[in-house]
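Residue numbers (the numbering used here): 6 to 290.
Just so you know, even glycine gets a beta-carbon here, dropped at the ideal spot from N, CA and C.
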Ligand code: COA
């Protein structure tokens with residue numbers, strides 16, 4: 006956890022802030038003094054979260070209805086924030102849309118829906134707020150939440166992996182282009198963290214959670230609090246020289262799957278004794 010008051014006097018805009026990871030990041034920023042604006046489609050969910058967090062932290066959380074797929078909705082949400090609190094110092098593009106499906110089952114509208122939320126939504130929010138910040142000559146930290154499979158690609162979540170790869174390219178590109186305006190752009194690639202929104206769409210039968218957990222070198226899924234701490238750090242002044250970074254946050258999952266010999270974790274001590282003897286016998290041959 007950062008020192009208390011790390012975000013006092015700062016405004017944060019968090020898409021998808023009403024639930025899951027977004028709610029966790031809002032809670033962390035708010036507890037560190039930020040005035041937060043949470044934006045998503047469902048105003049009733051947002052209002053409940055805003056009330057819950059404000060009561061806990063004593064810092065105001067505002068609920069702003071916004072469909073990130075609609076540029077006019079994004080513009081209205083940003084205007085609302087500016088009229089209440091001014092421009093933000095922190096922008097977290099967290100809103101996502103995803104579900105597992107064999108790609109041959111997807112309609113064009115299914116593809117469009119996911120890429121509109123993930124890639125276009127991130128771009129609309131970033132452009133809308135970025136242009137205002139540049140005009141006002143005000144610096145800020147942008148953070149996007151992606152996934153390790155944005156880098157590798159992954160079957161069965163193809164629209165999501167394609168759109169998240171675009172989000173990473175957007176973040177890295179703007180880190181280079183808009184750094185001169187005092188704007189930083191970073192990415193957290195989140196591995197499996199159990200939230201209702203994600204797991205109901207990515208593991209609806211509950212069958213894969215154990216498989217995922219077994220595969221993780223850390224032996225457990227990540228927690229919302231852990232990603233919220235990292236996000237707070239990256240968006241804070243303590244990270245003012247970090248820009249253009251893509252930080253993998255997955256309990257070692259990516260390297261564990263990738264490493265050619267990592268399945269050898271399953272070999273028992275007895276089996277190692279036998280294999281070691283066999284290898285030693287080959288000496289000089
Ligand atoms: N398999 C295949 N196609 C699916 C699908 C599934 N499980 N779920 C939705 N679709 C298709 C729909 O059939 C529709 O296409 P069509 O018009 O050609 O029939 C298209 O996707 C859009 O679905 P719809 O339900 O109308 O969109 P929506 O805007 O109401 O909801 C989703 C968007 C589908 C992304 C929904 O899951 C959602 O709201 N998610 C937000 C949160 C989230 O996904 N979090 C997970 C983060 S990991």
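- Looking at 46, 35, 79 and 75, the one whose alpha-carbon comes closest to that of residue 61 is 35.
- Taking C-beta separations shorter than 8 Å and ignoring five residues to either side along the sequence, the partners of residue 257 in its chain run 221, 222 and 223, following chain order.
- Across the structure, residue 189 and residue 274 are spaced so that their CA atoms are roughly 49 Å apart.
- Here the stretch 106-116 makes no contact with the stretch 135-144; the two share fewer than three CB pairs at distances below 8 Å.
- Contact check between the stretch 96-112 and the stretch 13-28: three or more CB pairs, one atom from each, fall below 8 Å, which counts as touching.
- Put simply, of 193, 162 and 79 the residue whose alpha carbon is nearest the alpha carbon of residue 249 is 193.
- The beta carbon of residue 213 sits no closer than 7 Å to any heavy atom of the ligand COA.
- The beta carbons of residue 163 and residue 122 sit about 15 Å from each other, so the pair does not count as a contact at 8 Å.
- Under DSSP, residue 41 forms a beta bridge with 17 and 66.
- Residue 229 and residue 29 do touch by the CB rule: their CB atoms are close to 4 Å apart, below 8 Å.
- In the structure shown, residue 146 adopts extended strand secondary structure according to DSSP, grouped into three states.
- In this structure, the alpha-carbon of residue 199 lies about 7 Å from that of residue 227.
- Nearest to residue 255 by C-alpha distance, out of 271, 160, 151 and 85, is 151.
- Taking non-hydrogen atoms of the ligand COA into account, the C-beta of residue 42 is found less than 7 Å away from none of them.
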